[in-house]
Every structure is written in structure tokens, then in C-alpha cells.
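The letter at position 131 of the sequence shown is residue 130 when you use numbering that gives the first Met the number 0, and the numbering goes up by one with no holes.
Just so you know, even glycine gets a beta-carbon here, dropped at the ideal spot from N, CA and C.
Given the structure is predicted, the values throughout are model-derived calculations rather than measurements.
Working notes, beginning with the structure itself.
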Amino acid sequence: MSDSVLVFGSSCVDVVIRVDHLPRHEEDLNPDTQQFMLGGCACNVARILGRGGADLTFVTPVGLQGVYGPWVLAQLKDFTWAHPVCLETEANGCCYCLVEPDGERTFMSVHGAEYTFAPEWMEAYQNQQYALGYVCGLELEEATGQTLADWLKTAPVRTLMYAPGPRGLNVPPERTLQLLALHPLLHLNRAETLQMAHCSDLTRAMETLSAKTRNAVITTLGADGAMLLEPGYAPRHIPGTPATCIVNTIGAGDAHAGAVLLGLSRRQSLPEAVVFANRVASRIVAQAGADLKDTAILFPDPPEK
């Protein structure tokens, strides 16, 4: 038995291009490979939850004009928990992911229908009650972001996870304050935490954000694991799980967020859920793409005989 989770947000095509270095001005490069993969922050979060057997509802807009939307829709049909909103006259965008030999990635995103929002898309779910929910800052940055922020005030979600993402500062300040007033569980990386709190000290930054939300703050630290600050407690370091290798880091933060939600949906404590998420993220960076290939890690260990 698990608590229900509502995820809203983007599904897009990640065009993953492996290069031996980022291009310089006027340079000509021959990439090693190019590949279409299903991505989008919300979709990456949802796949961890869905593949882990969570009671999940994933609502995602898909624009069917052009090349990318129909491809995305075909991939989503494999997931019973995915509820695409098909927009016949709009186009999906894509994310160009440049991956260097050390596995680090650089994104160039073309946004389309996948980042938009309309309240009527959620009417079928309004009478449900979800224990947990997820929203990303990328959707809130868009022209329909204020409509989404307004809807979240009455969303049927008990605890919301908000992941501002690398462009969180592009969300209008008044919209960010509106989100923080919902007392969300914040999920960020180190740079995002410092930027959002306008602070150069990580501990002070997490305390600042937690004081605004009156909820916990999770700051991921890559291979070093994560910092967790729960109200009333000092920040604690939760060590990472060593990765066997680094293939690429696409979707590692999203997978971490999804695994935290998966743990919480199983009624783990927040520290337990972060330990679990550190393990999952270490598997994601050791493979190509954000969709976990070995799903066994998403399930509790079988009891010893």
C-alpha cells in the first residue's frame, strides 16, 4: 500500500549528442553519436515513481504538430500511469543535450506545448486526494505559469515538492513567493540553493529557504550525496552512494527527486527517502539516459530467508 502521487509537467525529446568538447565560436564539430530519448523533468520524475510501483497520476501536455510530439506520445503509451493531454494544433519542443566525455551535460532547450498549462486539464483529478505532488520551475517560468501557480493553491495535494531547477531565478519573484507560501518540500542542487536564497553559505541558504516554506529543504551534492534540513533540526549530510562509472548526468537530479517521492509514498522517513534517492541517482549517472534500466533498485530488498 502506497500513498498516491500527482505529477504535472513536461515530456519532451532529449536529443542527446555526445561530443569530445563543447564547440567554440565558429568551430566545426563531428559529434560521436546522436540519439532521441524521452525526457523532461516531470517525465523523469514520473518514470522513477511509475517503475517503482507508486500509485501515480502523471498529467503531461503533448503538442502533436511537428516531429517531436507524436514521438513523445508513442513513448508514453507504454505507461499506464501517464495521462497525456493531446494538443492537436501545437508543437512540442526538444532539449539538445551535449554530453562530454566526463559525463557532464549542457542543455539547449526549445520550449513548446509541453511547458504550458490550463486548469481544465486537471478537472478529472480535482476530486481526488493525493498525498504527494510534484511541480518544476520550468513550467512556472512560462506564460501560463501564473495560471499554474494559481491552480496549485487549491490543488488536491497534501504535500507538494517544488523543484525550481537551474532556471528557477527566471520565475517571476512574486510567483516564487506564491509557491513558497504553499509550504512545499524544496528539492534543489547546491548552486540552485545558493541562488534562490541569495546567499553564499549553504547552511545559511538552506535555513533561509526552510524559514520561508516552513518545510524541509533537500540540496543534492552530486557524488557527495545530499544535505537535508528539516524544521527544528540542524542540517545533516547524507552521504552519496559511489557510482560504478559516470556515463552522463542527464536526469540525475530528476531521478533523485522522484526517488525521494517514491520513498515518501512508501511512508519512509525523509532521511530514509534521501538515502534511497542517493542510491538511485548513482545508478542513473552510470548509464546513458534518464530512464532507469535496472528497476530492481526501486523496490525494497526481499526479506532474508
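Which residues in the same chain have their Cβ closer than 6 Å to the Cβ of residue i, if we skip the five residues on either side of it in sequence?
i	result
G51	L261 and L297
M107	Y95
Q128	P155
G239	A222, D223, G224 and N277
V284	A242, I245, T248 and A251
S1	A53, D54, S264 and R265
I16	P30, Q33 and L97
N169	E140
R213	H182
Please classify residue i as buried or exposed, where buried requires at least 16 neighbouring CB atoms within 10 angstroms.
i	result
L131	buried
N29	exposed
E173	exposed
E122	exposed
A295	exposed
H186	buried
E140	buried
Y133	buried
L21	exposed
A215	buried
V66	exposed
A190	exposed
A112	buried
N91	buried
R282	buried
T79	exposed
T105	exposed
G167	buried
P118	exposed
A280	buried
E138	buried
T153	exposed
A73	exposed
Between which two residues does the alpha helix (DSSP H) harbouring residue i extend?
i	result
M195	R189 to A196
H255	A251 to S264
M205	L201 to T212
E271	L269 to I283
I47	C40 to R50
E140	G136 to E140
A73	Y67 to L75
T175	P172 to L179
Assuming residue i contacts residue j (C-beta within less than 8 Å), just tell me the rounded distance between them.
i	j	result
W120	V71	Actually they do not touch by this definition, with Cβ atoms about 16 Å apart.
I306	G102	Residue numbering for the chain in the displayed model covers 0 to 304; residue 306 lies beyond these limits and cannot be assessed.
A41	T59	6 Å
G257	V44	4 Å
A53	V109	30 Å between Cβ atoms; not a contact.
L147	L159	About 12 Å; that fails the 8 Å criterion.
I217	V274	Actually they do not touch by this definition, with Cβ atoms about 12 Å apart.
G39	G8	7 Å
D290	R46	6 Å
T115	T88	Between T88 and T115 the Cβ distance is about 12 Å, and since that is not below 8 Å, they are no contact.
With a CB to CB cut of under 8 Å and the five nearest residues on each side skipped, what residues in its chain are close to residue i?
i	result
V18	L28, P30, D31, L97, V98 and E99
Q125	P155
P301	For P301, the pLDDT reaches just 47, beneath the cut-off of 50, and the residue's location in the model is therefore unreliable, although a value from the coordinates is still provided. Closer than 8 Å at the Cβ level, and outside the excluded window around P301, lies no residue.
K304	Confidence at K304 is low in this model, with a pLDDT of 37, below 50, so the placement of that residue is unreliable and no value is reported for it.
P325	Residue coverage of the chain in this structure runs from 0 to 304, which leaves residue 325 outside it and unanswerable.
Short of 7 Å in beta carbon distance, which residues of its chain neighbour residue i, apart from the five on each side in sequence? Order them along the chain.
i	result
T219	N188, A225, G252 and H255
L86	P60, V61, G62, L63 and A112
D293	R282
T202	P234
G136	A162, P163, G164, R166, G167 and V170
Along the chain, where does the beta strand (DSSP E) that runs through residue i open and close?
i	result
Q145	Unbroken run through Q145 is the alpha helix (DSSP H), G144 to L151; no beta strand (DSSP E).
P340	In the structure displayed, the chain extends from 0 to 304; residue 340 sits before or after that span and is not available.
H236	R235 to I237
R23	From DSSP, R23 is part of no beta strand (DSSP E); its letter is neither H nor E.
I217	V216 to T219
R104	R104 to V109
P118	That residue, P118, is in no beta strand (DSSP E); it is neither H nor E in DSSP.
P83	A81 to A90
F7	S3 to F7
Nearest chain B C-beta to residue i closer than 7 Å, yes or no?
i	result
L5	Considering every chain present, this structure includes no chain B. It has just one protein chain.
Query raised in the report: Does the pairing of the segment 34–45 with the segment 8–20 give three or more beta-carbon distances under 8 Å?
Result: Below 8 Å, enough C-beta pairs join the segment 34–45 and the segment 8–20 to call them touching: three or more.
Query raised in the report: If you pair each beta-carbon of the segment 193–200 with each one of the segment 162–177, do three or more pairs fall below 8 Å?
Result: With the cut-off at 8 Å, the segment 193–200 and the segment 162–177 touch.
**Report entry** Sufficient close CB pairs (3 or more, under 8 Å) joining the segment 173–183 to the segment 200–207
**Finding:** Here the segment 173–183 does not lie against the segment 200–207, with fewer than 3 beta-carbon pairs under 8 Å apart.
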